[in-house]
Amino acid sequence: MESPSHFEFHLPLGAIDQVNKPPLYYLWLQDGCIIVAGLLWTMAYVLYIIQARKDKSYGMPLIALCANISWEITYGLFYPLSYVETAAFILWLLLDLGIVLSTVKFGTKQWRHPSLVARRIPTILVIGCGLSLLIHWQFIEALGSRDEAAFWSGFACQNLLGTLSVMQIISRGNTSGHSWSIWLCRWIGSSLAIVLYCWRYYHYPESYPFAGSSVAVSMFILMEIVDLAYAVMYMRLAGQVKEKAQ
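All letters in the sequence shown, in the order written, are residues 351 to 596 by our numbering.
If you want it as C-alpha cells, here you go:
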C-alpha cells in the first residue's frame, strides 16, 4: 500500500491544467508567480490609497483605473477560474473603491485645467467602467476563449497603466500620488506575470500559443520599457522637487 504523498498542495486547476495534468513542480512555480504577483498588486493598491492621503493627490490615471476595475469585475466575478480567484478579485475591487474615493476627493485639484474634467470625475469613472466592461465582454465573445481574452486584455491594461503613469507624472511635473514602493510592486508583479506565461508556453505551447506570438513578445518588451522609463522619469522629477525644496 502506497503511503500518501506530502506537500502536494496547489491552487485549484484551471480548465487548461485539468486537461494537461501538469506535474507538481510546474504547478508550484505557476502558483508561486500567481500568489506573489497577487500579493504585490494588493500592496500596490494599498500604497496608492496611502500615498493619495499623504500627497492629497491620486496616482492611478482615470482611464487605467476604469480598465482595471472592469477587468477585475469581468474575470473575477463573471468569468472566474476558481473561488480563490474570485476571493482575490473581490479584495482588489474593495481596494479599488478606496482608490476611486481618493481619486474623486483629490482629483479636482489635479484637474483644474480643464475644469470640465474636475467637475465630472465621478461621471467619467462610471461611464468609463461601463464602457470598459462592454469592451471586455465583447472581447471574450470575439475570441471565444476566456483564457486568451484574459491574457490579451490583462496585459493591455498593464501597458495602459504603465504608459499613462509616465504621461501623468510628466504632465504634472511632480510625483504626487506616486511612490517608489508603488512602482516596485507594480513592476515586479507585472514581470512575474510575464514569467508565468513564458513558463506556461515553454511547457505547453499548444495550450498557450498566443503567449509565444510576436505580438505578445512585443507587448512584454513594451511593458518592461515603459516601467523602466517610469522609474527614470520618477527619479528625475523627484530630484527636481528636492532641489526646489532646498
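Using N, Cα and C, we set each Cβ at its ideal position, and we do this for glycine too.
Note that the coordinates shown come from a computational prediction; the quantities given were computed from them, not determined experimentally.
Check                                                                                         : Outcome
For Ser541 and Leu474, the rounded distance between their alpha carbons                       : In the sequence as displayed, the identity of residue 474 is Ile instead of Leu. Approximately 30 Å between the Cα atoms of the pair.
Rounded separation between Gly448 and Ile399 - CA only                                        : 6 Å
Cutoff 6 Å; reference Asp381; Cβ partners in own chain excluding five residues on either side : His360 and Leu361
Met410, DSSP secondary structure in three states                                              : coil
Lys371, enclosing alpha helix (DSSP H) - first and last residue                               : Element bounds for Lys371: n/a, residue is neither H nor E.
Buried/exposed call for Gly512, threshold 16 Cβ in 10 Å                                       : buried
Distance, Trp421 Cα to Ala581 Cα                                                              : 25 Å
Between the CA atoms of Trp530 and Tyr584 - distance to the nearest angstrom                  : 8 Å
Contact set for Ala543: own chain, Cβ-Cβ below 6 Å, skip 5 residues either direction          : Ala387
Contact set for Leu445: own chain, Cβ-Cβ below 6 Å, skip 5 residues either direction          : Tyr395
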